[in-house]
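Asks:
In the UniProt record's numbering, the protein residues as written are 1 to 166.
1. Taking all protein chains shown into account, decide if residue 45 is buried (16 or more other Cβ within 10 angstroms of its Cβ) or exposed.
2. For the alpha helix (DSSP H) containing residue 133, name the first residue and the last one.
3. So, is the C-beta of residue 114 closer than 8 Å to a C-beta in chain C?
4. Quick check on this structure: which residue in 18, 16, 54 and 65 has the alpha carbon closest to the alpha carbon of residue 31?
5. Considering Cα atoms alone, identify which of 24, 26 and 57 is closest to residue 39.
6. Start and end of the alpha helix (DSSP H) containing residue 91?
7. In chain order, what residues of the same chain lie with their CB nearer than 6 Å to the CB of residue 123, ignoring the 5 residues before and after it?
8. Could you give the C-beta distance for residue 113 and residue 28, rounded to a whole number, given that I count them as a contact under 8 Å?
9. With distances taken Cα to Cα, identify the nearest neighbour of residue 17 among 148, 69, 96 and 139.
10. What separation, rounded to the nearest whole angstrom, lies between the Cα atoms of residue 78 and residue 24?
11. Quick one: is residue 136 buried, meaning 16 or more other Cβ sit within 10 Å of its Cβ, or exposed?
12. Can you find the residues in the same chain that come closer than 7 Å, C-beta to C-beta, to residue 82, ignoring five residues on each side of it along the sequence?
13. What are the start and end residues of each continuous alpha helix (DSSP H) run of 4 or more residues lying completely inside the stretch 3-65, in chain order?
14. Less than 8 Å between the CB atoms is what I'm expecting for residue 134 and residue 111, so what's the real figure, rounded?
15. Using three-state DSSP, classify residue 169 as helix, strand or coil.
16. Comparing C-alpha positions only, which one of 33, 166 and 71 sits nearest to residue 20?
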């Protein structure tokens, strides 16, 4: 979020920041739940449903659409009758939270990558595959960020950088 919006205390787009953040997070949540649930269903129950990959794309497409609606509704419900100063305060805290911005960046990169990869390679059901790819990509982006943070903490990232800088 810090790359998209003004970081001053006077947030001119406080409503947009809060809406985008909440919608982004609900899409992540719904996609993660869909991915986990569908993977469990396929592996544990060994159902005769379509292949896991197709189920994941379809389920994540639905999760993205539900996440957009639920996120927008959640912001409106939570922030109704709140003053403009409260909107500005909350958006200011979102924009200035470095950890949150890192997760946003990795998640958005994964979502965009997934969207473009699955949209450009789809021969049919392009919208479903694109939305499903975006949802699945956002989950992979967050998982990649968690993996990166853990390996960086253990010192693996620096050793890899040192090897490339030789």
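Just so it is clear, CB atoms sit at the ideal spot from N, CA and C, and this is done for glycine as well. Computed from a prediction, not measured in an experiment: that's the story for all the values here.
Replies: To lay it out plainly:
1. exposed
2. 126-154
3. In the displayed structure, chain C is absent; only one protein chain is listed.
4. 65
5. 57
6. 84-95
7. none
8. The pair is not a contact, with the Cβ atoms about 15 Å apart (cut-off 8 Å).
9. 96
10. 16 Å
11. buried
12. none
13. 14-45
14. 4 Å
15. There is no way to answer for residue 169, as the model of the chain reaches only from 1 to 166.
16. 71
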